[in-house]
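Each residue of the sequence shown is one higher than the last, beginning at -3 in our numbering. A virtual CB, placed ideally from N, CA and C, is assigned to each residue, including glycine. Working notes, structure below.
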Amino acid sequence: MRILIVGAGIGGMTLAALLKQRGMQATLIERAANFDHAGYMLGLWPLGYRVLHGLSLHKQFEAESIECKHYEVRDNHGELVKNWSMQPIADRFGPNLSCTRPQLIKLLHSGIGDTDLRFNTSLESLNQEGEEVTATFSDGTSETFDLVVGADGLHSKVRSLVFGEQPYYHTEWGGWVWWVDLNSVPAETFVEHWGAGRFVGIYPTQEGAGVYAGAPTVGDFAEPGAGRRQRIQDQFAGMGELVDTCLTAMPDDNEDLFFWKLSDVRSKEWAQGRVVLLGDSAAGFLPTAGIGASMAMESAAVLADELSRTNSRFIEHALSLYVKRRKHRVEVTQSDSRKLAKMMFIKSATVAHIRDVATKFYSLEQLASSIAKAFDEPI
Ligand SMILES: Cc1cc2nc3c(=O)[nH]c(=O)nc-3n(C[C@H](O)[C@H](O)[C@H](O)COP(=O)(O)OP(=O)(O)OC[C@H]3O[C@@H](n4cnc5c(N)ncnc54)[C@H](O)[C@@H]3O)c2cc1C
């Protein structure tokens, strides 16, 4: 079976590693030049961690990550709203482990063996004819495959080529990501400041703590360059000592920082002929529930499972089974992430105050009900 995977991200690399484990070989293309970019922080729920277990990469992942033992929410001024212990989930299903995206990608890379991985290569076009798909790459060459997997993320080229424009969900918020020293943040705790018209999340990894400072994308909030540091320091002032520490450590205006617009996308269809979507290209995730990477990894596990039970003649049937097993579950957790975004990203001070009072009464399971349910359901 000749398989092309477009995108060596979390989903694409997981799929390549699982196929390799099953004795199948894929060609993997990646637009980036290497895996060295700074990236961002990722919390991996046991859903994704279980997939690493299947690849025998779990021990190394555990050694390289930090367990999130508490999830803490603070208000617009840094006062504690709620501190949830993650222990009940960890005891039943496994830990929530936190790392950087490059760490996880490099770990998955160690699992793909001699898979043909081509950096600096992006997809230009696709042409399906009969039981074959011909892909044209950015270097002008073309190759023919039995199956093309679009694992090329939120703004997927495969999706737009094959399924057309799909509806995006915009929160109209976005935020800056930077890193601070691990010693300056609470240990083994994800701390989020749910403000009014502003949000700051702080997530420790072994390589430093990732800070996400979000707000509505109006005015010059998303503008890079001169004055950025001061503007952000002004916007997030008075959110408490921890946020102040993070603001002080914010890089200079000339440093290239990652700005993440908080939008997602839901593709109506996931498979057409011999082209299929995987991960964020099929259903993108807001970061609010920290579950996009786990979902991409689960989807890779199911796709690898279905492909390993068939041959190139019955690929379309295998894809239809993959979609049946995955689409509903992924969309339900995606909806949970949107619901959480509505709680976290509130502009009005009055509504934010009501939210803070209500949040004190929430259990972690109530906060993200379908995700809690997903732990206990087969995939
Ligand atoms: C700041 C931030 C924080 C997040 N935090 C969490 C978290 O805590 N927990 C969690 O589970 N999820 C988190 N997510 C979401 C998670 O990262 C994604 O859901 C997950 O990476 C999806 O995996 P993917 O393989 O579909 O896409 P990606 O990992 O984005 O990979 C897509 C890959 O395709 C490549 N590519 C794109 N276009 C092309 C092309 N035309 N040709 C070739 N290659 C191409 C890209 O370079 C990229 O390497 C976060 C995301 C962000 C941005």
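heavy atom of ligand 1 below 7 Å from Pro247 C-beta: Position 251 of the sequence shown, counted from the start, is the residue given in the question as residue 247. It does not: the Cβ of Pro247 is nowhere closer than 7 Å to a heavy atom of ligand 1.
When we look at the beta-carbon of Gln226 and count the other beta-carbons within 10 Å, is it buried (16 or more) or exposed? Residue 226 sits at position 230 when you count from the first residue of the sequence shown. It is exposed - the Cβ of Gln226 has fewer than 16 other Cβ atoms within 10 Å.
Using CA coordinates, which residue listed in Val272, Trp80, Arg27 and Ala28 is at the minimum distance from Asp142? For the purposes of this step, residue 142 is taken as the residue at position 146 of the sequence shown. For Asp142, the nearest C-alpha among the options comes from Val272.
Let me know the secondary structure DSSP gives Gln231 once reduced to three states. Residue 231 sits at position 235 when you count from the first residue of the sequence shown. Residue state, collapsed to three classes: helix.
Beta-bridge pairing of Pro212 - partner residues as DSSP gives them: If you number the sequence shown from 1, residue 212 lands on position 216. According to DSSP, Pro212 bridges with Trp169.
Excluding five sequence neighbours on each side, which residues of the same chain lie with their C-beta closer than 7 Å to the C-beta of Phe115? By 1-based counting over the sequence shown, the position of residue 115 is 119. Same-chain partners within the cutoff: Glu26, Ala28, Ala29 and Asn30.
Are the beta-carbon atoms belonging to Gln330 and Phe281 less than 8 Å from one another? Position 334 of the sequence shown, counted from the start, is the residue given in the question as residue 330. Position 285 of the sequence shown, counted from the start, is the residue given in the question as residue 281. Result yes, Cβ atoms of Gln330 and Phe281 sit closer than 8 Å.
Check whether Ala131 and Val145 have beta carbons under 8 Å apart: If you number the sequence shown from 1, residue 131 lands on position 135. If you number the sequence shown from 1, residue 145 lands on position 149. No, they are not a contact pair.
Can you tell me whether Tyr164 sits near ligand 1, meaning its C-beta is under 7 Å from at least one heavy atom of the ligand? Here residue 164 refers to the residue found at position 168 of the sequence shown. No, Cβ of Tyr164 sits at least 7 Å from all heavy atoms of ligand 1.
Does the separation of the CB atoms of Gly210 and Trp175 fall below 8 Å? What you label residue 210 is simply residue 214 of the sequence shown in a count that begins at 1. What you label residue 175 is simply residue 179 of the sequence shown in a count that begins at 1. No, they are not a contact pair.
Terminal residues of the beta strand (DSSP E) in which Ser138 lies: Along the sequence shown, read from residue 1 onward, the residue named residue 138 stands at position 142. First-last of the beta strand (DSSP E) with Ser138: Ser138 to Phe141.
Using a threshold of 7 Å, is the CB atom of Val2 nearer than that to any non-hydrogen atom of ligand 1? The residue you call residue 2 lines up with position 6 of the sequence shown. Yes, ligand 1 has a heavy atom inside 7 Å of this Cβ.
Count the other CB atoms within 10 Å of the CB of Glu302; is the residue buried (16 or more) or exposed (fewer)? To locate residue 302, count along the sequence shown from 1; it is residue 306. The residue in question, Glu302, is buried, as its Cβ has 16 or more Cβ neighbours within 10 Å.
Using the Cα positions of Asp32 and Arg97, report the straight-line distance between them to the nearest angstrom. Here residue 32 refers to the residue found at position 36 of the sequence shown. Here residue 97 refers to the residue found at position 101 of the sequence shown. Going by the C-alpha atoms only, they are around 10 Å apart.
Residue span of the alpha helix (DSSP H) that contains Tyr45, given as start and end: The residue labelled residue 45 in the question sits at position 49 within the sequence shown. Run containing Tyr45: Pro42 to Gly50, per the alpha helix (DSSP H) assignment.
Does the beta-carbon of Trp266, which I'm using as the reference point, lie nearer than 7 Å to any heavy atom of ligand 1? The residue given as residue 266 occupies position 270 in the sequence shown. Not under cutoff, so the answer is no.
Measuring straight from C-alpha to C-alpha, what distance separates Leu157 and Leu360? Residue mapping note: residue 157 aligns to position 161 of the sequence shown, counting from 1. Residue mapping note: residue 360 aligns to position 364 of the sequence shown, counting from 1. Near 40 Å, if we compare the C-alpha coordinates of Leu360 and Leu157.
What I want to know is whether the C-beta of Val158 ends up closer than 7 Å to one or more non-hydrogen atoms of ligand 1. What you label residue 158 is simply residue 162 of the sequence shown in a count that begins at 1. Result no, Cβ not under 7 Å from ligand 1.
With burial defined as no fewer than 16 other Cβ atoms inside 10 Å of the residue's Cβ, what is the status of Leu76: buried or exposed? In the sequence shown, the residue the question calls residue 76 occupies position 80. Exposed, because fewer than 16 other Cβ atoms sit within 10 Å of the Cβ of Leu76.
Pull up the distance between the alpha-carbon of Leu274 and that of Gly160, whole angstroms please. The residue you call residue 274 lines up with position 278 of the sequence shown. The residue you call residue 160 lines up with position 164 of the sequence shown. Approximately 16 Å, taken between the alpha carbons.
Among Asn72, Gly3 and Ala345, nearest to Val196 - alpha-carbon criterion: Position 200 of the sequence shown, counted from the start, is the residue given in the question as residue 196. The candidate whose alpha carbon is nearest that of Val196 is Asn72.
Nearest CA to the CA of Val298: which residue from Lys78, Gly3, Ile6 and Leu14? Within the sequence shown, residue 298 is the residue found at index 302, counting from 1. Considering only alpha carbons, the answer is Leu14.
Can you name the residues that DSSP bridges to Thr96? Counting from one through the sequence shown, the residue named residue 96 turns up at place 100. Answer is Met37.
What do you reckon, is the C-beta of Ser277 under 7 Å from a heavy atom of ligand 1? The residue given as residue 277 occupies position 281 in the sequence shown. Yes, Cβ of Ser277 sits closer than 7 Å to a heavy atom of ligand 1.
N- and C-terminal bounds of the beta strand (DSSP E) containing Val328: Numbered from 1 along the sequence shown, position 332 holds the residue referred to as residue 328. Not the beta strand (DSSP E): Val328 falls in the alpha helix (DSSP H), residues Ile311 to Met340.
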